[in-house]
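> Here it is, the structure, as structure tokens.
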Amino acid sequence: MSSLKDTLGRTFPYLRLSVTDLCNFRCNYCLPDGCLEHNHKAALKLVEIKRLIHAFSQLGVEKIRITGGEPTLRHDFTDIVQTIKAAPGIHTVAMTTNGYKMDQCISAWLKAGIDAVNVSVDSLNPGAFSLITGHNRLQEILAGIKAGFELGLPVIKVNTVLMKGLNDGELSRFLAWIKDQPITLRLIELMETGDNHDFFNRHHVSGSTIRSQLIDLGWVRIARSRDAGPAQEYRHSDYQGRIGLITPYARDFCDDCNRLRVTSLGKLQLCLFGDQGIDLRDLLQHDHQQDALIERITSSLRLKKDSHFLDQGITGNTANLAQLGG
Ligand code: SAM
Ligand code: SF4
36 MSSLKDTLGR TFPYLRLSVT DLCNFRCNYC LPDGCLEHNH KAALKLVEIK RLIHAFSQLG
96 VEKIRITGGE PTLRHDFTDI VQTIKAAPGI HTVAMTTNGY KMDQCISAWL KAGIDAVNVS
156 VDSLNPGAFS LITGHNRLQE ILAGIKAGFE LGLPVIKVNT VLMKGLNDGE LSRFLAWIKD
216 QPITLRLIEL METGDNHDFF NRHHVSGSTI RSQLIDLGWV RIARSRDAGP AQEYRHSDYQ
276 GRIGLITPYA RDFCDDCNRL RVTSLGKLQL CLFGDQGIDL RDLLQHDHQQ DALIERITSS
336 LRLKKDSHFL DQGITGNTAN LAQLGG
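Note that the sequence shown ends on residue 361 in the numbering used here; no numbers are left out.
Encoded structure:
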């Protein structure tokens, strides 16, 4: 049980760790001009990641998601997975990837200890996929997902940001795709960030619209587990796959927040849309600093706010989600 508790009594068994802010894609809602500025070389080193994870695991964190930027751009990606997997108390090591190398690398990821992969696929139409991501790679990414199934990857989820006029007409195609495959399709409501204001206004589809469509089609909501992500899960008796609906603008979205984030430079982010990050890096330099690190993490939790203020267009210091890992 996580001993990390905030003033509202929320506990935090789940950490999202960004291992780089570099990305090779140009998703139009995230990095439309590509990754112009990054701190890839200055990202946390393996030994710093090891100390960080040991501190969080002592605080009862059980699940780590490795994200970015594109986390697989790290040459030591499999070492990172292995290191996290070996930490006592960590029962799930998950990752979020654009999937560009998944078909070639999935067996190495599995060997290193990955338990769950979220792959971002914003369209099943190669033309629209290329328009959204700036890359004509849909077939390789689908091949990577197939390879994941063949090699026995325990959990495969697909992240899809539904956007008006770009891919919101593809819902039925996505549903047909998960009819006979045990994929959880996470439909994510587009979020406004510091950099995408106009894009957001043009393409945002509200979570409640998506929810109504699902309910009309017979999808039924199911309960979520303690260390689950932010999605509300839905199932349908005719489908092997499930839907995870992520609606950050819903009034109660933050009530059961159970996750913390650490950036690739070692800043603890209490909220995806918070203003301040709390620097942990100076306490990641030596093994003997673990107690001080644990104390800083614990005391920082007092600063966690009840909710974000996205509904008022306040996006904190988050220019894009590649900075923080989404
Ligand atoms: N590069 C990896 C990927 O795309 O899967 C990991 C990092 S990416 C920031 C993590 C997730 O955030 C992706 O599924 C992406 O679609 C989502 N995302 C990025 N910007 C977003 C936004 N403005 N609104 C909603 N989701 C966003
Ligand atoms: Fe890169 Fe992921 Fe952002 Fe797309 S969503 S630009 S793949 S970080």
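Every residue gets a Cβ at the ideal spot worked out from N, C-alpha and C, and that includes glycine.
Smallest Cα separation from residue 152: which of 116, 172, 160 and 316?
On the sequence shown, residue 152 is found 117 positions in, with the first residue counted as 1. Nearest option by C-alpha distance: 116.
> Using C-beta distances below 8 Å, list every residue in its chain close to residue 66, excluding the 5 sequence neighbours before and after it, in chain order.
Taking the first residue of the sequence shown as 1, we reach residue 66 at position 31. So the list reads 58, 60, 355 and 357, once near-sequence residues are dropped.
> Confirm, please, whether the CB-CB distance from residue 94 to residue 297 is below 8 Å.
Here residue 297 corresponds to residue number 262 of the sequence shown, with the count starting at 1. Here residue 94 corresponds to residue number 59 of the sequence shown, with the count starting at 1. The answer is no: Cβ separation not under 8 Å.
> I think residue 269 touches residue 295, with their Cβ atoms under 8 Å apart; what is that distance to the nearest whole Å?
Here residue 269 refers to the residue found at position 234 when the sequence shown is read from its first residue. Here residue 295 refers to the residue found at position 260 when the sequence shown is read from its first residue. 26 Å between Cβ atoms; not a contact.
> So what does DSSP say about residue 249, is it helix, strand or coil?
As a first step, residue 249 must be located in the sequence shown, where it is residue number 214. Reduced to three states, the DSSP call for residue 249 is helix.
> Closest by CA to residue 51, which one among 132, 258, 352 and 257?
Residue 51 sits at position 16 when you count from the first residue of the sequence shown. For the residues 132, 258, 352 and 257, the minimum Cα distance to residue 51 belongs to 132.
> According to DSSP, is residue 205 helix, strand or coil?
Translated into the one-based positions of the sequence shown, residue 205 becomes position 170. Helix at residue 205.
> Three-state secondary structure (DSSP) at residue 314?
The residue you call residue 314 lines up with position 279 of the sequence shown. In this structure, residue 314 counts as strand in the three-state DSSP scheme.
> What residue does the alpha helix (DSSP H) around residue 236 start on, and which one ends it?
In the sequence shown, residue 236 corresponds to position 201, counting from 1. Where residue 236 is concerned, the enclosing alpha helix (DSSP H) stretches over 232-238.
> Counting Cβ pairs, one atom from each stretch, are 3 or more of them under 8 Å apart for the stretch 329-339 and the stretch 271-289?
No, the stretch 329-339 is not in contact with the stretch 271-289.
> If we call anything under 8 Å between Cβ atoms a contact, is residue 64 one with residue 293?
As a position in the sequence shown, residue 64 is number 29, starting the count at 1. As a position in the sequence shown, residue 293 is number 258, starting the count at 1. Cβ distance not < 8 Å, so residue 64 and residue 293 don't count as in contact.
> Do you know offhand how far residue 215's Cα is from residue 324's?
Position 180 of the sequence shown, counted from the start, is the residue given in the question as residue 215. Position 289 of the sequence shown, counted from the start, is the residue given in the question as residue 324. Residue 215 and residue 324: Cα-Cα distance of roughly 50 Å.
> Suppose contacts are defined by Cβ-Cβ distances below 8 Å. Is residue 199 in contact with residue 232 by that definition?
Against the sequence shown, residue 199 aligns to sequence position 164. Against the sequence shown, residue 232 aligns to sequence position 197. No, the pair does not count as a contact, with Cβ atoms beyond the cut-off.
> Between residue 158 and residue 235, what straight-line distance do the alpha-carbon atoms span, to the nearest angstrom?
Position 123 of the sequence shown, counted from the start, is the residue given in the question as residue 158. Position 200 of the sequence shown, counted from the start, is the residue given in the question as residue 235. Cα to Cα, the separation comes out at about 18 Å.
> Kindly indicate the opening and closing residues of the beta strand (DSSP E) around residue 279.
Taking the first residue of the sequence shown as position 1, residue 279 is located at position 244. It spans 277-281 - the beta strand (DSSP E) in which residue 279 sits, taken as one unbroken run.
> Between the stretch 119-129 and the stretch 66-82, are three or more C-beta pairs nearer than 8 Å?
Because the criterion of three Cβ pairs below 8 Å is not met, the stretch 119-129 and the stretch 66-82 do not touch.
> I need the DSSP call for residue 226, collapsed to helix, strand or coil.
Numbered from its first residue, the sequence shown carries residue 226 at position 191. DSSP places residue 226 in coil when its eight states are reduced to three.
> Is residue 46 near the ligand SAM - that is, is its Cβ less than 7 Å away from at least one heavy atom of it?
Reading the sequence shown from its first residue, position 11 is the one you call residue 46. No, the ligand SAM has no heavy atom inside 7 Å of this Cβ.
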